[in-house]
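*Asks:* Dropping a structure here in structure tokens format, bear with me for questions.
2 protein chains.
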Amino acid sequence: MGASQIKVGSNEPRTQSQDSRDEILKAAMHLFANRGFHETSMSEVAREARVSKALIFWHFKTKEELFVAVLNRLLEPYFIDFAEEAAAMDERAQIQKLVEFYLLFVRDNASSVRFFLAQMLQDQRLSESLNDQVLKLYTGYRAMLIELIASAQQKGICPRRSAPEAAAGFLLSALNGLLIEYLFLGAKAVDPEGAVAMVGEWLFGDTSQSSPSQGGA
Amino acid sequence: MGASQIKVGSNEPRTQSQDSRDEILKAAMHLFANRGFHETSMSEVAREARVSKALIFWHFKTKEELFVAVLNRLLEPYFIDFAEEAAAMDERAQIQKLVEFYLLFVRDNASSVRFFLAQMLQDQRLSESLNDQVLKLYTGYRAMLIELIASAQQKGICPRRSAPEAAAGFLLSALNGLLIEYLFLGAKAVDPEGAVAMVGEWLFGDTSQSSPSQGGA
DNA sequence: GCTGCGATTGACCGAATGGTTAGCGGCGTT
DNA sequence: AACGCCGCTAACCATTCGGTCAATCGCAGC
């Protein structure tokens, strides 16, 4: 229905097909992320993308192929390099920056994080590639933490004497716990600042508490 | 097909209908927990329960009704009272027991925990009642932790000076983090003993490490 | 103007879905 | 022996699913 009329102001000459493919991906992202794989039908995607169902199958051979395309698209913002952000900081500041970064990212990408988590929990077969990539992210983050903690311990900044691996594992668990707490209870229950302060207190024996309130039942 | 011939030796006189209803619930539990709501068809349930599909609709009006029945059945083992288990222990032992209990429970009920988590993350409408009950469990557990920590602080056992709410929240987050770590990486990555030791170290300034190994890359 | 080709569509398909219905066997009651 | 009810089933129903196909549309090159 008049799809050829739509020519939103994009000066760059993209093939018309790229446009429709993108529209389909956008619609599929939205639907898959909010309803999951099995609960989303190709007809719904077609309707939301204002495109015929057959066109989707022209762009993507099967529903699964569309799904993994969506997965990869949603995963893109997850790959950023932290290195440039923490150029000349001491270990302690780097660790805290890392923690804050994790939590802010989760807050800003809550919907896709929720989607990935649910997807990996439920349908392991469909999300094998997803599993690999997430695991890669996870181990990378973990390795950075271990290195930072070990370095901090050597410099004597960190009084805690646990093995860096164990400390990093525990810290990561706490972060993941905050993640799911955030997913369920929303922003009201978790604030990055408080968590960062908590980590500082735990790892470095801090007692400076900038925000001493935060009671809850 | 000859279903009336099956008369497994059960001496107790339960109505035949209760038997079939139970068989259906068992099959549905298995299938729902391993595949989710939308991915499980009533015909599959019927086949696994070795019962006609119509009989399922005779016991349960709709698929959703069967589902919530399964939910409640799966939730039963989650309601236990901790009070009797920790009768005459000091706060520290109680806290550690509580932590150990949490982790052991997750390990022993991993499949249903995974199912609940995925279900709540994905389909909030269908799991409203589930949400309520889990939240109740959560806040109950949290309240116990808060009380124990506060009490330990008053007695001077716990040197950490954070607000009990904050400490309990952080501890709970760590536990939830261990939960999802366990769900993804399996038993090899998380051991309750190590976690309990870690908590002791964190909360009470312990340095006794009974199992000093456990390196990882 | 014709041709060729990438992009797009409506109509269609078999399979599976959640749910219904008419009826059947067995058993306790009268 | 007739009745009625409970437990149960095979067959059926409308709808929706993922996927296919022949037929177009628009446009570049000749």
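Here the protein sequences line up with chains A and B, keeping their order.
If you read the first sequence in the working numbering, its first letter stands for residue 8, the second for the next number, and so on.
If you read the second sequence in the working numbering, its first letter stands for residue 8, the second for the next number, and so on.
We treat Cβ as the ideally placed atom computed from N, Cα and C, and that holds for glycine.
If you drop the 5 nearest sequence neighbours on each side, which residues of the same chain put their C-beta closer than 6 Å to that of L186(A)?
*Replies:* Residue numbering aside, residue 186(A) sits at position 179 when the first sequence is read from its first letter. Excluding residues within five positions, the ones whose Cβ falls inside 6 Å are V113.
*Asks:* By the three-class DSSP mapping on this structure, what secondary structure does S180(A) have?
*Replies:* The count along the first sequence starts at 1 and reaches residue 180(A) at position 173. Note: S180(A) maps to helix in three-state DSSP.
*Asks:* Using a 10 Å radius around the Cβ and a threshold of 16 neighbouring Cβ atoms, would you call S215(B) buried or exposed?
*Replies:* Position 208 of the second sequence, counted from the start, is the residue given in the question as residue 215(B). Confidence at S215(B) is low in this model, with a pLDDT of 48, below 50, so the placement of that residue should be treated as unreliable; the coordinate-derived value is given next. Answer is exposed; the Cβ neighbour count stays below 16.
*Asks:* Please list the residues of the segment 107–133 of chain A that have a C-beta atom closer than 9 Å to any C-beta atom in chain B, keeping them in chain order.
*Replies:* Those residues of the segment 107–133 of chain A that come within reach of chain B (Cβ to Cβ, closer than 9 Å) are R121, F122, L124, A125, Q126, M127, L128, Q129 and D130.
*Asks:* Only counting runs of 4 or more residues, tell me where the alpha helix (DSSP H) segments fall wholly within the segment 148–210 of chain B, in order along the chain.
*Replies:* Fully enclosed alpha helix (DSSP H) runs of 4 or longer: 171–192.
*Asks:* By a C-beta neighbour count over all protein chains shown, 10 Å radius and 16 as the cutoff for buried, is S17(A) buried or exposed?
*Replies:* For the purposes of this step, residue 17(A) is identified with residue 10 of the first sequence, where counting begins at 1. Caution applies to S17(A), whose pLDDT of 41 falls short of 50 and renders its modelled position unreliable; the model cannot decide the point.
*Asks:* Run down chain A in chain order and give the residues with a C-beta less than 7 Å from the C-beta of F177(B).
*Replies:* For the purposes of this step, residue 177(B) is taken as the residue at position 170 of the second sequence. The answer, in chain order, is A181 and M205.
*Asks:* Label I87(A) either buried or exposed according to how many other C-beta atoms from any shown protein chain fall within 10 Å of its C-beta, with 16 as the threshold for buried.
*Replies:* The residue you call residue 87(A) lines up with position 80 of the first sequence. Result: exposed.
*Asks:* Looking at the secondary structure, which residues open and close the alpha helix (DSSP H) in which I87(A) lies?
*Replies:* Stepping through the first sequence from its first residue, residue 87(A) is reached at position 80. Unbroken run through I87(A): none, as it is neither H nor E.
*Asks:* Taking only the alpha-carbon atoms, compute the straight-line gap between Y189(A) and V197(A) and give it to the nearest angstrom.
*Replies:* On the first sequence, position 182 is the one that residue 189(A) refers to. On the first sequence, position 190 is the one that residue 197(A) refers to. Roughly 6 Å separates the two Cα atoms.
*Asks:* When Cβ atoms are compared, which residues of the segment 22–53 of chain A fall closer than 7 Å to chain B?
*Replies:* Residues passing the 7 Å Cβ filter: G43, H45 and E46.
*Asks:* Classify M127(B): buried if its beta carbon has 16 or more other beta carbons within 10 angstroms, exposed otherwise.
*Replies:* The residue given as residue 127(B) occupies position 120 in the second sequence. Buried, since its Cβ has 16 or more Cβ neighbours within 10 Å.
*Asks:* Within a Cβ cutoff of 6 Å, which residues of the same chain sit near F122(B), ignoring the five residues on either side of it in sequence?
*Replies:* Against the second sequence, residue 122(B) aligns to sequence position 115. Counting only Cβ-Cβ distances below 6 Å, and skipping sequence neighbours, we find A40.
*Asks:* Please report the Cβ distance between R99(B) and A159(B), rounded to the nearest whole angstrom; I am assuming they are in contact, meaning their Cβ atoms lie under 8 Å.
*Replies:* Indexing the second sequence from 1 puts residue 99(B) at position 92. Indexing the second sequence from 1 puts residue 159(B) at position 152. Right, the Cβ-Cβ distance comes to about 6 Å (below 8 Å), so this counts as a contact.
*Asks:* Cβ closer than 8 Å: which chain A residues qualify as neighbours of I156(B)?
*Replies:* Here the question's residue 156(B) lines up with position 149 in the second sequence. In chain order: nothing, as chain A lies at least about 13 Å away.
*Asks:* Measure the C-alpha to C-alpha separation of R167(A) and E208(B) and round it to an integer number of angstroms.
*Replies:* Position 160 of the first sequence, counting from 1, holds the residue named residue 167(A). Position 201 of the second sequence, counting from 1, holds the residue named residue 208(B). Spanning the two alpha carbons is a distance of roughly 9 Å.
*Asks:* Which of the three DSSP states, helix, strand or coil, is assigned to M49(B)?
*Replies:* As a working mapping, residue 49(B) is identified with position 42 in the second sequence. In the structure shown, M49(B) sits in a helix (DSSP, three-state: H, G or I).
*Asks:* Since L110(A) and P199(A) should fall inside the 8 Å C-beta cutoff, what is the C-beta to C-beta distance between them, to a whole number of angstroms?
*Replies:* Residue 110(A) sits at position 103 when you count from the first residue of the first sequence. Residue 199(A) sits at position 192 when you count from the first residue of the first sequence. Contact holds; Cβ gap of about 4 Å.
*Asks:* Closer than 8 Å, CB to CB, is E83(B) near chain A or not?
*Replies:* On the second sequence, position 76 is the one that residue 83(B) refers to. Closer than 8 Å: no.
*Asks:* Among G43(A), F44(A) and S59(A), which residue has its Cα nearest to the Cα of S50(A)?
*Replies:* In the first sequence, counting from the first residue as 1, residue 50(A) sits at position 43. Per the Cα distances, S59(A).
*Asks:* I need the straight-line Cα distance from T47(A) to L192(A), nearest angstrom please.
*Replies:* Within the first sequence, the letter at position 40 stands for residue 47(A). Within the first sequence, the letter at position 185 stands for residue 192(A). Between T47(A) and L192(A), the C-alpha separation is close to 26 Å.
*Asks:* Tell me whether K70(A) sits in a helix, a strand or coil according to DSSP, three-state version.
*Replies:* The residue you call residue 70(A) lines up with position 63 of the first sequence. Of the three classes helix, strand and coil, the one that applies to K70(A) here is helix, per DSSP.
*Asks:* Which residues in chain A sit within 8 Å of E225(B), going by Cβ to Cβ distance?
*Replies:* With chain B running from 8 to 224 in the structure shown, residue 225(B) is simply not present.
*Asks:* Would you kindly report the start and end of the unbroken alpha helix (DSSP H) that includes R114(A)?
*Replies:* Residue numbering aside, residue 114(A) sits at position 107 when the first sequence is read from its first letter. It spans E98 to D115 - the alpha helix (DSSP H) in which R114(A) sits, taken as one unbroken run.
*Asks:* Please classify Q131(A) as buried or exposed, where buried requires at least 16 other C-beta atoms within 10 Å of its C-beta.
*Replies:* For the purposes of this step, residue 131(A) is identified with residue 124 of the first sequence, where counting begins at 1. Label assigned to Q131(A): exposed.
*Asks:* Report, in whole angstroms, the separation of the C-beta atoms of L78(B) and I63(B), which I expect to be a contact under 8 Å.
*Replies:* Position 71 of the second sequence, counted from the start, is the residue given in the question as residue 78(B). Position 56 of the second sequence, counted from the start, is the residue given in the question as residue 63(B). The Cβ separation is near 16 Å, so there is no contact.
*Asks:* Given that a residue counts as buried once 16 or more other Cβ atoms are within 10 Å of its Cβ, and exposed if not, what is R57(B)?
*Replies:* On the second sequence, position 50 is the one that residue 57(B) refers to. Classification for R57(B): exposed.
*Asks:* Is there a Cβ from chain B that is less than 8 Å from the Cβ of G147(A)?
*Replies:* As a working note, residue 147(A) is residue 140 in the first sequence. False, the Cβ-Cβ gap to chain B never drops below 8 Å.
*Asks:* Give me the Cβ distance between I153(A) and I102(A), rounded to the nearest whole Å; I'm assuming they're in contact under 8 Å.
*Replies:* As a first step, residue 153(A) is located in the first sequence; it is residue number 146 there, counting from the start. As a first step, residue 102(A) is located in the first sequence; it is residue number 95 there, counting from the start. Their Cβ separation, rounded to whole angstroms, is 11 Å, which puts I153(A) and I102(A) out of contact at 8 Å.
*Asks:* Under 8 Å between C-beta atoms, does G184(B) make it to chain A?
*Replies:* The residue given as residue 184(B) occupies position 177 in the second sequence. Cβ-Cβ to chain A under 8 Å: yes for G184(B).
*Asks:* Are the C-beta atoms of S169(A) and some chain B residue less than 8 Å apart?
*Replies:* Within the first sequence, numbered from 1, the residue matching residue 169(A) stands at position 162. It does: the Cβ of S169(A) has a partner Cβ on chain B nearer than 8 Å.
*Asks:* Can you tell me whether A90(B) is buried or exposed, with buried defined as 16 or more other CB within 10 angstroms of its CB?
*Replies:* By 1-based counting over the second sequence, the position of residue 90(B) is 83. When all chains shown are included, A90(B) counts as exposed.
*Asks:* Could you check if A277(A) is buried or exposed, using at least 16 other CB atoms within 10 Å of its CB as the buried criterion?
*Replies:* Because chain A spans 8 through 224 in this model, residue 277(A) falls outside it and cannot be assessed.
*Asks:* I'd like to know whether the C-beta atoms of L182(B) and G184(A) end up nearer to each other than 8 Å.
*Replies:* Here residue 182(B) refers to the residue found at position 175 of the second sequence. Here residue 184(A) refers to the residue found at position 177 of the first sequence. Yes, Cβ-Cβ distance for L182(B) and G184(A) is below 8 Å.
*Asks:* Would you say G222(B) lies against chain A (beta-carbon separation less than 8 Å)?
*Replies:* Taking the second sequence and counting its residues from 1, the one referred to as residue 222(B) is at position 215. Residue placement at G222(B) is poorly supported in this model, since its pLDDT is 37, which falls under 50; the coordinates are not used for a value here.
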